[in-house]
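J.: So that you can map any letter, position 725 of the sequence shown is 724 in numbering that gives the first Met the number 0, and since no number is skipped, the others follow by simple counting. I'd like to ask you about the structure that follows.
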Amino acid sequence: MSAKKPAEAASTISVRGIVQGVGFRPFVHRLATSLELTGWVLNSTAGVTIEVEGDRPALKKFVEQLSRECPPLAAVKETRLTPHEPHGYGSFTVKHSSTEDEAAALVSPDASTCAACMKEVLDAGDRRSGYPFTNCTDCGPRFTIMGSLPYDRERTTMQDFQMCQECRAEYGAIEDRRYHAQPNACPACGPRVGFLDCPPGGDPISRAAALLREGEIVAVKGLGGFHLACDAASDACVVRLREAKGRDAKPFAVMCRSTETVEELCCLGDEERQVLESPAHPIVLLEQRKPHRVAEAVAPRNRCLGVMLPYTPLHHLLLAEAPPVLVMTSGNFAGQPLISDDVQAREKLFAITPHILTHDRRIATRCDDSVVRFIGKRFQVLRRARGYAPLPVELPGGGPSMLACGAQSKSTFTLTRDRQAFVSQHIGDVEDEDTSRWFREAVAHLCALLAIEPEAVACDMHPGYLTTVFALEQAGLPVTRVQHHHAHIASCMAEHGMDGKVLGVSFDGTGYGTDGTVWGGEFLACTYARSERLACLLPVPMPGGEMAVREPYRMAAAHLGAALGPRWWKRGIPGLPQWPEDRLELLERMAERRVNSPLTSSCGRLFDAVSSMLGLRDTASYEGQAAIELEMAADRGEHPPYEYGFEAGGPHQAVDLRPTVRRIVEDLGRGTARETIAARFHATVADLVAQTCRRVSGEAGTNRVVLSGGVFQNRLLAVLTGEKLEQAGFSVYQHSLVPPNDGGISLGQAAVAMNSANNTVTEH
Ligand code: ZN
Ligand code: ZN
Ligand code: FE
Numbered sequence: 000m001s002a003k004k005p006a007e008a009a010s011t012i013s014v015r016g017i018v019q020g021v022g023f024r025p026f027v028h029r030l031a032t033s034l035e036l037t038g039w040v041l042n043s044t045a046g047v048t049i050e051v052e053g054d055r056p057a058l059k060k061f062v063e064q065l066s067r068e069c070p071p072l073a074a075v076k077e078t079r080l081t082p083h084e085p086h087g088y089g090s091f092t093v094k095h096s097s098t099e100d101e102a103a104a105l106v107s108p109d110a111s112t113c114a115a116c117m118k119e120v121l122d123a124g125d126r127r128s129g130y131p132f133t134n135c136t137d138c139g140p141r142f143t144i145m146g147s148l149p150y151d152r153e154r155t156t157m158q159d160f161q162m163c164q165e166c167r168a169e170y171g172a173i174e175d176r177r178y179h180a181q182p183n184a185c186p187a188c189g190p191r192v193g194f195l196d197c198p199p200g201g202d203p204i205s206r207a208a209a210l211l212r213e214g215e216i217v218a219v220k221g222l223g224g225f226h227l228a229c230d231a232a233s234d235a236c237v238v239r240l241r242e243a244k245g246r247d248a249k250p251f252a253v254m255c256r257s258t259e260t261v262e263e264l265c266c267l268g269d270e271e272r273q274v275l276e277s278p279a280h281p282i283v284l285l286e287q288r289k290p291h292r293v294a295e296a297v298a299p300r301n302r303c304l305g306v307m308l309p310y311t312p313l314h315h316l317l318l319a320e321a322p323p324v325l326v327m328t329s330g331n332f333a334g335q336p337l338i339s340d341d342v343q344a345r346e347k348l349f350a351i352t353p354h355i356l357t358h359d360r361r362i363a364t365r366c367d368d369s370v371v372r373f374i375g376k377r378f379q380v381l382r383r384a385r386g387y388a389p390l391p392v393e394l395p396g397g398g399p400s401m402l403a404c405g406a407q408s409k410s411t412f413t414l415t416r417d418r419q420a421f422v423s424q425h426i427g428d429v430e431d432e433d434t435s436r437w438f439r440e441a442v443a444h445l446c447a448l449l450a451i452e453p454e455a456v457a458c459d460m461h462p463g464y465l466t467t468v469f470a471l472e473q474a475g476l477p478v479t480r481v482q483h484h485h486a487h488i489a490s491c492m493a494e495h496g497m498d499g500k501v502l503g504v505s506f507d508g509t510g511y512g513t514d515g516t517v518w519g520g521e522f523l524a525c526t527y528a529r530s531e532r533l534a535c536l537l538p539v540p541m542p543g544g545e546m547a548v549r550e551p552y553r554m555a556a557a558h559l560g561a562a563l564g565p566r567w568w569k570r571g572i573p574g575l576p577q578w579p580e581d582r583l584e585l586l587e588r589m590a591e592r593r594v595n596s597p598l599t600s601s602c603g604r605l606f607d608a609v610s611s612m613l614g615l616r617d618t619a620s621y622e623g624q625a626a627i628e629l630e631m632a633a634d635r636g637e638h639p640p641y642e643y644g645f646e647a648g649g650p651h652q653a654v655d656l657r658p659t660v661r662r663i664v665e666d667l668g669r670g671t672a673r674e675t676i677a678a679r680f681h682a683t684v685a686d687l688v689a690q691t692c693r694r695v696s697g698e699a700g701t702n703r704v705v706l707s708g709g710v711f712q713n714r715l716l717a718v719l720t721g722e723k724l725e726q727a728g729f730s731v732y733q734h735s736l737v738p739p740n741d742g743g744i745s746l747g748q749a750a751v752a753m754n755s756a757n758n759t760v761t762e763h
């Protein structure tokens with residue numbers, strides 16, 4: 000710009016949101032230059048600071064377009080304008096900041112390969128033709144390669160690779176798509192693929208594809224860890240993979256070559272397609288369209304299939320030559336942490352397959368694939384990891400920096416900074432030394448990455464959870480123990496930015512109650528600071544404690560005993576499964592004498608019980624299996640609820656399901672279809688939620704009902720319950736950004752602990 004007239008107006012603009020490492024500064028530069036504005040842009044503690052000056056209309060346009068036209072991976076949360084006198088800048092520049100400035104910025108999640116990069120990969124004439132690590136500012140690895148902030152190459156695992164001249168030129172040119180793309184790489188200078196402990200030769204990706212076509216299992220290193228892959232169309236391959244991995248029946252996710260392939264397998268709505276193809280590229284649970292090519296063993300007895308698209312060039316190249324649908328399950332043995340480096344791969348994965356396709360870009364932190372779905376138009380995360388973590392959830396209020404340690408199964412932890420709650424990626428079931436170590440590593444990594452030093456800790460009330468043990472080890476920090484179901488409700492409140500009173504319905508498998516019994520069918524009057532139990536499902540014994548989780552017939556026996564009285568099996572009731580009488584006798588004795596038979600109000604266990612009564616599943620290979628199969632069996636038509644009752648007495652109301660169990664037994668005796676009974680049972684639970692809420696909403700002082708807990712992963716139940724409550728005049732809140740299962744617990748703990756400073760128990 001030549002001889003400039005003096006600027007009419009000037010402003011300092013601070014932009015908050017995901018604006019670092021996503022091509023935001025070049026975008027600002029382009030925008031300012033195109034509007035003939037002068038000034039500068041700088042990464043700052045809270046995001047990006049811009050100073051611009053020029054014509055008034057141009058300045059106005061600049062502000063408008065700043066959030067509207069920002070790069071695909073950026074998200075502007077807030078822009079704040081401070082007008083001031085023009086300084087008379089001659090041009091617009093990108094300033095470089097001092098590193099300590101940037102600690103408060105957000106870490107962007109990993110993003111799937113963009114169309115521009117894929118075009119280069121598939122272009123035989125391009126220098127990145129066939130290169131599996133191609134990326135740019137609009138796509139590629141982020142969270143899984145970052146060691147600490149600010150987001151610079153030296154602080155990522157890309158520090159192992161020296162950019163070649165051409166890559167460096169792209170990196171330095173503001174008009175280039177790879178300007179400041181920290182993981183920028185090409186075949187000459189970047190990471191490489193190869194088979195672990197195999198001499199190099201040929202194209203490793205083609206070889207992997209050929210092995211998959213031949214029916215082999217291949218381990219593939221991706222963004223956040225290894226996958227185990229095999230041809231999803233081959234029942235034999237899938238069964239072999241199940242045996243090798245020690246995973247009996249839990250559904251596997253598949254990766255499809257293209258969206259068209261997905262549509263051959265499943266019904267795909269517009270919203271679902273958008274999320275499937277979004278930068279996060281999660282696994283989306285879709286209704287299957289049968290018959291199709293995928294083997295039954297992939298998702299046995301399930302109406303849904305978890306589907307994702309290739310999200311790195313490596314996956315694209317592999318799927319181009321491999322069978323069009325691959326099982327892609329996390330590379331580990333059931334219950335163990337995801338394997339993320341060659342040392343572990345050698346140690347563990349060779350036991351599963353001799354074919355390990357690896358690469359030499361280190362993974363800074365493990366990250367599983369995310370799992371999401373839609374319930375009607377409502378988006379819901381079931382497992383929050385790659386593509387979403389570690390984006391924060393905004394809390395309604397700020398407070399000291401917290402570390403909330405979560406529960407035990409499907410664990411996550413949460414770190415807070417002011418109003419931002421950073422929910423970690425899914426860690427898994429923290430039940431043994433390996434997962435506990437991984438949990439600790441992940442906490443240390445995220446604290447370092449976000450430069451957060453927790454000032455307080457929150458955990459579950461369960462003394463036996465390893466996450467509770469970990470919380471109590473944080474020497475000198477005050478600890479808040481949060482009741483499990485209170486945390487469930489608070490997590491849903493937090494993600495909706497709610498404050499004040501709510502009526503929480505927390506239905507799940509297991510949670511430590513304040514009275515020492517096992518809770519899980521709770522109606523709670525909640526604020527963040529307090530929770531009061533207003534009603535619950537009438538407790539029954541859980542014969543054998545945790546054994547009852549794996550053997551749902553134990554819960555069937557407990558509920559039948561409660562409904563039909565002692566030695567009910569002697570009465571020759573038709574229609575019930577024939578369980579061995581000596582087992583039933585033993586269970587009854589255990590329950591009577593309260594030997595290892597805690598009382599439970601768990602709704603998850605009730606679903607298990609009914610599933611077992613219907614002969615669907617007596618033993619489960621993963622938690623919730625029996626309940627899921629009950630949901631899958633249920634007829635989708637409209638069915639009236641069964642009868643149930645209320646028991647006042649005691650300090651709170653109890654929903655009496657003994658009449659329901661008796662009606663189910665009658666229906667079984669009559670030979671009513673299991674599909675009908677399952678449907679009527681779902682209608683019953685939905686109905687009792689609405690009726691109980693009616694009874695206690697006065698006491699709760701609100702008509703806002705919050706639904707949380709693992710039982711609400713049941714889509715049929717979530718829909719029916721939502722409808723019933725809305726018909727009864729309640730405002731209903733369900734999960735979207737964090738899971739209804741225990742993956743959401745840490746967020747709820749953080750929200751509760753921040754608001755219960757006065758109730759805090761200080762240990763040590
Ligand atoms: Zn790209
Ligand atoms: Zn290069
Ligand atoms: Fe729970």
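For every residue, glycine included, the Cβ atom is placed at its ideal position computed from N, Cα and C. Every value quoted in this text rests on a predicted model; they were computed, and no experiment measured them.
Regarding A321 and ligand 1, is the C-beta to nearest heavy atom distance less than 8 Å?
T.: One-based indexing of the sequence shown puts residue 321 at position 322. Checking the Cβ of A321 against ligand 1 gives no.
J.: Tell me, please, whether the region 744-753 touches the region 480-494 by the rule of three or more beta-carbon pairs shorter than 8 Å.
T.: Yes, the region 744-753 touches the region 480-494.
J.: Short of 7 Å in beta carbon distance, which residues of its chain neighbour S233, apart from the five on each side in sequence? Order them along the chain.
T.: Here residue 233 refers to the residue found at position 234 when the sequence shown is read from its first residue. Excluding residues within five positions, the ones whose Cβ falls inside 7 Å are G214, A294.
J.: In three-state terms, what does DSSP make of F680?
T.: As a first step, residue 680 must be located in the sequence shown, where it is residue number 681. It is helical.
J.: Within this structure, are the beta carbons of H651 and C535 separated by less than 9 Å?
T.: Residue mapping note: residue 651 aligns to position 652 of the sequence shown, counting from 1. Residue mapping note: residue 535 aligns to position 536 of the sequence shown, counting from 1. Yes, they are a contact pair.
J.: From which residue to which residue does the alpha helix (DSSP H) around C802 run?
T.: In this structure the chain extends from 0 to 763, so residue 802 is not present and cannot be described.
J.: For P108, is the classification buried or exposed, using 16 other Cβ atoms within 10 angstroms of its Cβ as the cut-off for buried?
T.: In the sequence shown, residue 108 corresponds to position 109, counting from 1. The residue is buried, with at least 16 neighbouring Cβ atoms inside 10 Å.
J.: Taking all protein chains shown into account, decide if A252 is buried (16 or more other Cβ within 10 angstroms of its Cβ) or exposed.
T.: Here residue 252 refers to the residue found at position 253 when the sequence shown is read from its first residue. A252 should be labelled buried.
J.: Taking Cβ positions, are T411 and G709 nearer each other than 9 Å?
T.: In the sequence shown, residue 411 corresponds to position 412, counting from 1. In the sequence shown, residue 709 corresponds to position 710, counting from 1. Taking 9 Å as the Cβ cut-off, T411 and G709 do not qualify as a contacting pair.
J.: For S530, does the three-state DSSP call read helix, strand or coil?
T.: Walking along the sequence shown from the start, residue 530 turns up at place 531. Strand at S530.
J.: Can you tell me which of the three DSSP states T11 falls into?
T.: As a working note, residue 11 is residue 12 in the sequence shown. In this structure, T11 counts as strand in the three-state DSSP scheme.
J.: Quick one: using the 10 Å Cβ neighbour count with 16 as the cut-off for buried, is H280 buried or exposed?
T.: As a first step, residue 280 must be located in the sequence shown, where it is residue number 281. Answer is buried; the Cβ neighbour count reaches 16.
J.: Would you mind working out which of L222, M612, G16 sits nearest P70, comparing C-alpha positions?
T.: Taking the sequence shown and counting its residues from 1, one reaches residue 70 at position 71. Checked all of L222, M612, G16; the closest Cα to P70 is G16.
J.: Taking the alpha helix (DSSP H) that L583 belongs to, which residues open and close that run?
T.: For the purposes of this step, residue 583 is taken as residue 584 along the sequence shown, with counting starting at 1. Counting along the chain, the alpha helix (DSSP H) containing L583 begins and ends at 580-591.
J.: Whole beta strand (DSSP E) runs in the region 598-680 with 3 or more residues, listed along the chain?
T.: You should have 644-646, 652-655.
J.: Taking 8 Å as the cut-off, is the C-beta of G623 nearer than that to any heavy atom in ligand 3?
T.: If you number the sequence shown from 1, residue 623 lands on position 624. No, the beta carbon of G623 sits no closer than 8 Å to any heavy atom of ligand 3.
J.: Between which two residues does the beta strand (DSSP E) holding Y511 run?
T.: Numbered from 1 along the sequence shown, position 512 holds the residue referred to as residue 511. Unbroken beta strand (DSSP E) run through Y511: 501-511.
J.: Any heavy atom of ligand 3 within a distance shorter than 8 Å of the CB on G508?
T.: Stepping through the sequence shown from its first residue, residue 508 is reached at position 509. Flag set: Cβ of G508 near ligand 3.
J.: Taking Y641 as the reference, give the member of L402, V684, G649, E630 with the closest Cα.
T.: Here the question's residue 641 lines up with position 642 in the sequence shown. Out of L402, V684, G649, E630, V684 has the C-alpha closest to the C-alpha of Y641.
J.: Return yes when the Cβ of T328 is within less than 9 Å of the Cβ of R246, no when it is not.
T.: As a first step, residue 246 is located in the sequence shown; it is residue number 247 there, counting from the start. As a first step, residue 328 is located in the sequence shown; it is residue number 329 there, counting from the start. In this structure, T328 lies closer than 9 Å to R246 by Cβ.
J.: Could you tell me whether the Cβ atoms of D340 and G223 are closer together than 9 Å?
T.: Numbered from its first residue, the sequence shown carries residue 340 at position 341. Numbered from its first residue, the sequence shown carries residue 223 at position 224. No. Outside cutoff.
J.: Please state if the CB of L313 and the CB of V192 are separated by a distance shorter than 9 Å.
T.: Looking up residue 192 in the sequence shown gives position 193. Looking up residue 313 in the sequence shown gives position 314. Their beta carbons are under 9 Å apart, which means V192 touches L313 by this criterion.
J.: Taking CB distances under 9 Å as the criterion, tell me whether A388 reaches chain D.
T.: The question asks about chain D, but that chain is absent: this structure has only one protein chain.
J.: Would you call A296 buried or exposed, if buried means 16 or more other Cβ atoms sit within 10 Å of its Cβ?
T.: As a working mapping, residue 296 is identified with position 297 in the sequence shown. Buried is the call here.
J.: Which residues does DSSP list as the beta-bridge partners of W230?
T.: Here residue 230 is taken as the residue at index 231 of the sequence shown, counted from 1. Here the sequence assigns Asp to residue 230, which means Trp is not the residue at that position. The partner list for D230 (beta bridge, DSSP) reads L325.
J.: At a cut of 8 Å, does the region 119-132 reach the region 79-87 through at least three beta carbon pairs?
T.: Touching, no.
J.: Got a sec: does ligand 1 put a non-hydrogen atom nearer than 8 Å to the Cβ of N754?
T.: Locating residue 754 in the sequence shown gives position 755, where the first residue counts as 1. Not so, every heavy atom of ligand 1 lies at least 8 Å from the Cβ.
J.: Please classify P565 as buried or exposed, where buried requires at least 16 neighbouring CB atoms within 10 angstroms.
T.: On the sequence shown, residue 565 is found 566 positions in, with the first residue counted as 1. Exposed is the call here.
J.: Assuming L30 contacts F61 (C-beta within less than 8 Å), just tell me the rounded distance between them.
T.: What you label residue 30 is simply residue 31 of the sequence shown in a count that begins at 1. What you label residue 61 is simply residue 62 of the sequence shown in a count that begins at 1. Right, the Cβ-Cβ distance comes to about 6 Å (below 8 Å), so this counts as a contact.
J.: Report buried or exposed for M492, applying the criterion of at least 16 other Cβ atoms within 10 angstroms of its Cβ.
T.: One-based indexing of the sequence shown puts residue 492 at position 493. With 16 or more other Cβ atoms within 10 Å, it is buried.
J.: Is it the case that the region 170-189 contacts the region 394-409, given that we only count it when at least three CB pairs across the two stretches are under 8 Å?
T.: No: fewer than three Cβ pairs fall under 8 Å.
J.: So is the beta-carbon of I627 under 8 Å away from any non-hydrogen atom of ligand 3?
T.: Counting from 1 along the sequence shown, the entry for residue 627 is found at position 628. No.
J.: Could you tell me if P538 is buried or exposed, where buried requires 16 or more neighbouring beta carbons within 10 angstroms of its beta carbon?
T.: Translated into the one-based positions of the sequence shown, residue 538 becomes position 539. The residue in question, P538, is buried, as its Cβ has 16 or more Cβ neighbours within 10 Å.
J.: With a 10 Å radius around its C-beta and 16 neighbouring C-beta atoms as the bar for buried, classify D514 as buried or exposed.
T.: As a working note, residue 514 is residue 515 in the sequence shown. So D514 ends up on the exposed side.
J.: For the beta strand (DSSP E) that V342 lies in, which residues bound it at each end?
T.: As a position in the sequence shown, residue 342 is number 343, starting the count at 1. Premise fails: V342 lies in the alpha helix (DSSP H), 341-347, not in any beta strand (DSSP E).
J.: From which residue to which residue does the beta strand (DSSP E) around F23 run?
T.: Residue numbering aside, residue 23 sits at position 24 when the sequence shown is read from its first letter. Segment 23-33 is the alpha helix (DSSP H) holding F23; no beta strand (DSSP E) there.
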